[in-house]
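Working notes, structure below.
Structure, rendered in C-alpha cells:
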C-alpha cells in the first residue's frame with residue numbers, strides 16, 4: 007500500500023518514537039527509513055508499536071543522548087532532483103553548526119525561498135537536518151509550521167552541547 011508522505015496521521019506510520027520534545031512518526035522497510043516526521047499530537051506515542059526496528063530506535067536514542075547518528079541506517083527520501091540536492095547538502099552540515107537560507111541558496115545557485123520550500127518538504131527530519139538552516143536575522147521557520155520553531159530551537163541547543 008502506498009503511503010501518503012504528507013500525512014501527519016499516526017496510523018500512516020509503522021511506529022512512533024517518543025523524544026524529549028515530541029513524538030516522531032516513522033516509516034521504514036528493513037533498515038531503510040522512508041519517512042520520519044514530527045506528529046502533532048504526542049498522545050499517539052507508541053500507538054503503532056507492532057512493527058519495531060531496534061536499529062532505528064538505537065540510532066534515535068544515540069542521537070538524543072549524544073547529538074550524533076549511528077551510520078547504520080539507509081535513508082530513502084523521495085523528492086525532486088532539486089530537493090534531493092538540497093537534502094544531500096543539509097546532511098553535510100555538521101551537528102552544532104548552522105547555515106543561513108541565503109548562504110545555502112548562493113552555494114546551490116538558487117533562491118532562499120527555494121531552499122525554504124525544500125526544507126519544508128523534508129521527509130526525514132533529524133536525519134536530513136533542515137533545523138540547521140536559519141534565517142540571517144534569527145531562527146527562521148521549521149517544517150513550514152511556526153508552532154514547530156520551538157522544536158528547531160531545542161534541537162539547535164541540544165546539538166550545541168557537543
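In the numbering used here, the protein residues as written are 7 to 168. We treat Cβ as the ideally placed atom computed from N, Cα and C, and that holds for glycine. Just so it is clear, the structure is predicted and the values come from calculations on it, not from any experiment.
Closest to residue 141 by CA distance: which of 113, 108 and 167 is it?
108
Quick one: which unbroken beta strand (DSSP E) runs of 3-plus residues sit fully inside the segment 52 to 109? Chain order, please.
Counting only runs of 3 or more, we get nothing.
Using alpha carbons as the reference points, say which of 19, 18 and 27 lies closest to residue 156.
27
Applying the criterion that 16 or more other CB atoms from any shown protein chain within 10 Å of the CB defines a buried residue, is residue 8 buried or exposed?
Residue confidence is low: residue 8 scores 43 on pLDDT, short of 50, so the model does not pin down where it sits. Its coordinate-derived value is still stated next. By the neighbour-count rule (16 or more Cβ atoms within 10 Å), residue 8 is not buried but exposed.
How close, in whole Å, do the beta carbons of residue 76 and residue 37 come, if the pair is a contact with beta carbons under 8 Å?
About 11 Å separates the two Cβ atoms, so there is no contact after all.
Do residue 133 and residue 61 have their CB atoms nearer than 8 Å?
Result no, Cβ atoms of residue 133 and residue 61 do not sit closer than 8 Å.
Counting only the same chain and skipping the five closest in sequence on each side, list residues whose C-beta sits under 6 Å from that of residue 6.
As displayed, the chain neither begins before 7 nor continues past 168, which places residue 6 out of reach and without an answer.
Determine the DSSP secondary structure at residue 131, reduced to helix, strand or coil.
coil
Going by C-alpha to C-alpha distance, which of 64, 93 and 65 sits closest to residue 120?
93
Would residue 165 be called buried (16 or more neighbouring beta carbons within 10 Å of its own) or exposed?
buried
Using the beta-carbon count (16 or more within 10 Å), is residue 135 buried or exposed?
buried
Does the beta-carbon of residue 19 have 16 or more other beta-carbons within 10 angstroms, so that it is buried, or is it exposed?
buried
So residue 66 packs on residue 44, CB below 8 Å; how close in whole Å?
Incorrect: roughly 13 Å between the Cβ atoms, too far for contact.
Would you mind giving the Cβ-Cβ distance between residue 124 and residue 89, rounded to the nearest angstrom? I have them listed as a contact below 8 Å.
5 Å
Going by Cα to Cα distance, which pick from 152, 46, 59 and 23 is closest to residue 35?
Minimum Cα distance to residue 35 is reached at 59.
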